[in-house]
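Notes follow once the structure below has been shown.
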Amino acid sequence: MKKENEIESLKKKAKSLFKLFFLVASITVFFKTSVNAANITGSNTINSDSSTQQVYNADDTSLTITDSSTLSRSGAAPVNINGQDNGTLTINSGSTVTSTASNAVQGKDQSGLIITNSGTINADGSKAINLLNAQSSTVTNKSGGVIKSNTNTITVTENSGTANNVTINNSGQISAGASSSGATSNNAIRSEDDTDNVTVVNNIGGHIHNNNTSSTALNAATVFIAANSSATLTNSGTIENKGGVDNYAIGLAGDGVTVTLKDDGKVIGKISVAGGSTTAHTIKLQHGVGQAYFYDIDGSGTYTLQDLDGNPVVKGSAGSIGQGGNELIDEELGHKSIAIRNSLIRFKKSDEYNEREKGWGEITTSFLKRDGEKSTLKLNSEKIGIGANIFEPISSDKNLIFSFETSLQNISQNHDIDKFSFLTGMHFDKITMSKNISTELFLLGGASFNKSNRNILTNTTTTGELDITDEYLSYEVLTGKKINFNNLLPDLSLNFGYSHTPSHKESKYYEWDERDVYNGSIALSNEHKILKDDKKNLYFSWIADTRTILDDNVQIFYVNGTKGTYTQNNDLKTEFSLSAGLNYDYNFSQNNKFSMALDGFHTTQDTSGIQANLKYSQRF
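Going by my numbering, the sequence shown opens with residue 408, and the numbers climb by one from there.
Next comes the structure, spelled out in C-alpha cells:
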C-alpha cells in the first residue's frame, strides 16, 4: 500500500513538473517570437542593423530602412505585408533587406503597395519580392539599386485571389543567380497568365539578367511575362540571359502581351512567344529612324510586328535595315552633277581653256551635312571628301574630263561608308545655234567602290549588338546639256543621272537586290564679274537646280532570307538646290598665279554643303 502511495505521489510530481515545463516553454516561445517580430503601424524607420521581422499590422503603414542599415532574417519575409493596403517600403542607398530563405519582401493579399529601392533586396532562396494576389502595386528599383535572389526574383502571381495592375520600374539591377538546365523556373521577373495589366519598364541603365540554360522558355526566360488579357514590357536598358545567346531572355505567354524594344536597349538571348490563343501578342520596335536590327524569335504563339519609327520591318524573327546608302543615291547623283558643272565654270574662266595648250586641274575638299526627318524616314548624314577634277583639251571644242573623289560618309544610326569614286568622259563645247546662243554638253561614266560598316542591334550576340561590313560596286552615268545665252539671259541646262548597284550581301542577315536610280533635272545658271584687271579676277557664279527621280525607286531587300521592300517617300523624290560660288584669281606675274574657289549650296532636303580649293600654278 505504501509503495502504491509513493508511486502515485511521483506521478503527481511528474505531472506538475510537465505543466511547469510547458509553461516555461510557452513563455520562452512567446518571448522569442515577440523579440523577433514587430507588428508595425504608421510611419517607421530602421537606422541600425536588425533581425526583427517587420509585420505590417494596419493599412497606410510605412517603413524606411536608412543609414546603411541591414534588416536580415534567418527565415522568410523580413518584411511581411499581408492583407494591409497602401503600404510603403523604402530602402535607401547602402541599406539592405535580406533573407537566408525566401520572400525577403512579401506583399500578399494587398492593394496599393509602393516599394522603392535604392539599396539591396536579397533572398538566398527564391523571391526577393513576392507579390501574391497583389493589386495596384508598384516596385521601383532606382539607379544603383539591386534586387536579387537565387530564383524568380520578383514574382506577380495569383492564388485564390486577384493579381492585377502591378508595375515594375527598373533603373538598377534585377537578377536571378542560379544556373539551371532543368525545368525549374528561374526568372528575374515573372508574372503568370492569371494576372492582368502587369507593366515592366527597364529604363536606360537598367540591367535585368539570369543564368538559365533550360530549353523551356517559360521556365528559363530572364523576363517571363504572361497575362490573362493584357501586359506590357518596355526595354531601354539590357535584358540578358547569361547562360548564352541560345537561351531565352524574354518569354511571352497568355494573351495580349505588348513588348516595346526602344532606344539603344539591348536584348541578349532569344525571344520566345507562346500562348496567344485569344489575342495575339505585339512586338514593337522603336530604335530610331534607320537603325538596323535583327531579333531571333521562336515559339508557336502568334504576334504582330510594328516599327514605331516607320522603318520597314520583316517578320520571320524580326528585322529591319536602315536604308542609308540606298536612300541617298539620287541626292548624291544630283550633288555630283552640280559639282561637275561648277568645275566646268571655273575651267572655262582659266587661261588653259583659252589657250588650249595645256590641261587644267583642281584639288577640292568638301563637306556635306543633311538633317534627318522621322516623318519621311530621311536620315541624318555627314560626308567629308577630297577630290580632283582634270580637264584636258584635245581640240578647239572638245575636252577630256577626269574626276576623282575619296570620301567618308557617316549616316545616322551607326552606319559609315568609305567611298572612292571616279568619273571620266568628254566635254563638247562651242556648239553654235545662233549669233547669241551656243550649247555645250558633258557625258561622264564611272564607278564607286563602297565599303560599308554598320552596327546593328541583335539578341544573337553576347553584347546585344553586331558590327557588319559590306563591300560593293556601283556604276554611274552623268550627262548635261547647257544652252548659253551669252549673258543675255541665265543659261539653261538639262541634266540626267543614272546609278546601278548590283545585288550584294551584307553579312548573313541582310541581302540587297540590284537597283537602278534615274535622275532628271533642269537648271538655270550664270556668272557675274565683280572685279577684273591685269592682276585680279573676281566673279560670282550660281546654279539653281530642280531635280526629281524618274522611276518608282523601289528597293527589294531580304532579312535572314525573308523579303522586304523600301519605297522612297514622295517628299524625298524631288529636290531644289541653290549653289553659289566665289572664284578669285591673282596673277603675281605672267607665269605665277594663285586661285581660290568657294562653293556653297543648300537644298530643300535640308542638305547643306561647302566645297573649296586653293591653287597655285607656275608656268615654265
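Each residue gets a CB set at the ideal place from its N, CA and C atoms; glycine is no exception.
Note down, in chain order, each residue of its chain lying with its Cβ closer than 6 Å to the Cβ of residue i, except the 5 sequence neighbours on either side.
i, result
"Val720", "Leu712, Asp714 and Ser727"
"Asp474", "Asn454"
"Ser984", "Asp952, Phe1008 and Thr1010"
"Tyr882", "Ala854 and His907"
"Trp767", "Phe754, Ser757, Glu759 and Phe798"
"Gln513", "Ala484, Asn487 and Asn537"
"Ser750", "Asn796"
"Ser476", "Ile453, Asn454, Ser455, Asp456 and Ser502"
"Tyr879", "Asn857 and His911"
Inspect the beta-carbon positions of residue i and residue j and report whether they are closer than 7 Å.
i, j, result
"Thr468", "Gly501", "no"
"Asn654", "Gly676", "yes"
"Val462", "Ala444", "yes"
"Val563", "Val605", "yes"
"Ala1004", "Arg753", "yes"
"Thr560", "Thr523", "no"
"Asn572", "Gln542", "yes"
"Thr639", "Thr665", "yes"
"Asp716", "Gly695", "yes"
"Leu470", "Ser457", "no"
"Lys858", "Gln816", "no"
"Leu659", "Leu692", "no"
"Thr813", "Phe827", "yes"
"Leu899", "Lys888", "no"
"Leu957", "Tyr991", "no"
"Gly794", "Phe811", "yes"
"Gly568", "Asn540", "yes"
"Ile657", "Ala627", "no"
"Ala583", "Ala595", "yes"
Rounded to the nearest angstrom, what separates residue i and residue j at their Cα positions?
i, j, result
"Ala465", "Ile521", "15 Å"
"Lys776", "Ser782", "19 Å"
"Asn926", "Leu979", "12 Å"
"Asn821", "Ser450", "51 Å"
"Thr981", "Gly644", "39 Å"
"Asp581", "Gln1018", "Looking at the sequence shown, residue 581 is not Asp but Ile. Roughly 53 Å between the two C-alpha positions."
"Asp600", "Thr709", "16 Å"
"Ser819", "Gln730", "10 Å"
"Ser803", "Thr974", "46 Å"
"Leu625", "Ala681", "8 Å"
"His911", "Asn967", "14 Å"
"Phe835", "Asn866", "57 Å"
"Phe947", "Gln698", "42 Å"
I'd like to confirm something about residue i: is its beta-carbon nearer than 6 Å to some heavy atom of the ligand ADP, or not?
i, result
"Thr953", "This structure lacks the ligand ADP; in fact it carries no ligand of any kind."
For residue i, count neighbouring Cβ atoms within 10 angstroms of its own Cβ and tell me buried if that reaches 16, exposed if not.
i, result
"Phe701", "buried"
"His935", "exposed"
"Tyr1023", "exposed"
"Thr771", "buried"
"Asp940", "exposed"
"Thr558", "buried"
"Gly792", "buried"
"Lys785", "buried"
"Asn860", "exposed"
"Ile690", "buried"
"Lys943", "exposed"
"Lys915", "exposed"
"Gln491", "buried"
"Gln460", "buried"
"Leu851", "buried"
"Lys534", "buried"
Let me see if you follow: with CB-CB separation under 7 Å, is residue i close to chain B or not?
i, result
"Ala508", "No chain B appears in this structure, which consists of one protein chain only."
Where does residue i sit, in a helix, a strand or coil, going by DSSP?
i, result
"Gln1011", "According to the sequence shown, residue 1011 is Thr rather than Gln. Looking at Thr1011 - three-state DSSP - the assignment turns out to be coil, as it is neither helix nor strand."
"Asp737", "helix"
"Arg748", "helix"
"Ala854", "strand"
"Leu424", "Note on Leu424: pLDDT 49, under 50, position unreliable in the model; the coordinate value appears next. Looking at Leu424 - three-state DSSP - the assignment turns out to be helix."
"Ala511", "coil"
"Asp758", "helix"
"Ser621", "coil"
"Ser450", "strand"
"Gly732", "helix"
"Ser986", "strand"
"Thr783", "helix"
Can you list, in chain order, the residues of its chain whose CB lies under 8 Å from that of residue i, leaving out five sequence neighbours each side?
i, result
"Asn610", "Asn576, Asn577, Ser578, Ser643 and Gly644"
"Thr972", "Pro719, Val961, Gln962, Ile963 and Phe964"
"Thr602", "Val563, Thr564, Glu565, Ala570, Asn571, Val573, Ala633, Ala634, Asn635 and Ala638"
"Thr868", "Val652 and Ile675"
Might you give, ordered along the chain, the residues of its own chain that have their beta carbon closer than 7 Å to the beta carbon of residue i, omitting 5 neighbours on each side?
i, result
"Gly612", "Ser550, Ser578 and Gly644"
"Leu895", "Asn843"
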